[in-house]
């Protein structure tokens, strides 16, 4: 299915690569997602609740910290479950302290598939 066209519970999955020597905390910006769970390399990072089913914002919202011990050098798997489908087209990974988006050129979700 295409990004943002899901109307019910949806799983989104992608992979991203970290080079050796990453030393700053990694954050996940869940802009476009509504309410659900985040999994990193098979570990449950936790819940998020950014918006209602109708799209109304919910506070506090904000980035989710990805635990450093669960990150791998090389390929990492990120899975998002969204109760209302969500739209992961704006989901981004960023290092702390303004180091920028780690996936250059394409959005993180370029390879995300929904089901």
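In this note's numbering, the protein residues as written are -10 to 104.
Where a beta carbon is used, it is the ideal one built from N, C-alpha and C, also for glycine.
All figures in this text were calculated on a predicted structure; none of them were measured in a lab.
Smallest Cα separation from residue i: which of the options?
i: residue 45; options: 52, 70 and 24; result: 24
i: residue 7; options: 34, 57, 37 and 35; result: 57
i: residue 41; options: 72, 9 and 31; result: 72
i: residue 34; options: 48, 52 and 43; result: 52
i: residue 84; options: 43, 36, 32 and 18; result: 18
i: residue 50; options: 1, 36 and 9; result: 36
So, with DSSP's three-state summary, where would you put residue i?
i: residue 83; result: strand
i: residue 41; result: coil
i: residue 15; result: strand
i: residue -4; result: coil
For residue i, I'd like the list of residues in its chain whose CB is within less than 7 Å of its CB, leaving aside the five on either flank, ordered along the chain.
i: residue 74; result: -5, -4, -3 and -1
i: residue 79; result: 20 and 21
i: residue 54; result: 14 and 16
i: residue 32; result: 59
Along the chain, where does the beta strand (DSSP E) that runs through residue i open and close?
i: residue 69; result: 63 to 71
i: residue 4; result: -1 to 7
i: residue 53; result: 53 to 55
i: residue 46; result: Neither: residue 46 is in no beta strand (DSSP E) and is coded neither H nor E.
i: residue 29; result: 24 to 29
Within its chain, find whatever has a CB closer than 8 Å to the CB of residue i; leave out the 5 residues flanking it on each side and keep chain order.
i: residue 60; result: 7, 11, 15, 29 and 30
i: residue 9; result: 62
In its own chain, which residues sit with a C-beta less than 6 Å from the C-beta of residue i, not counting the 5 before and 5 after it?
i: residue 38; result: 24 and 47
Original post:
Do the stretch 16 to 32 and the stretch 60 to 73 meet, that is, are 3 or more Cβ pairs less than 8 Å apart?
Top reply: Counting Cβ pairs under 8 Å, three or more are found: they touch.
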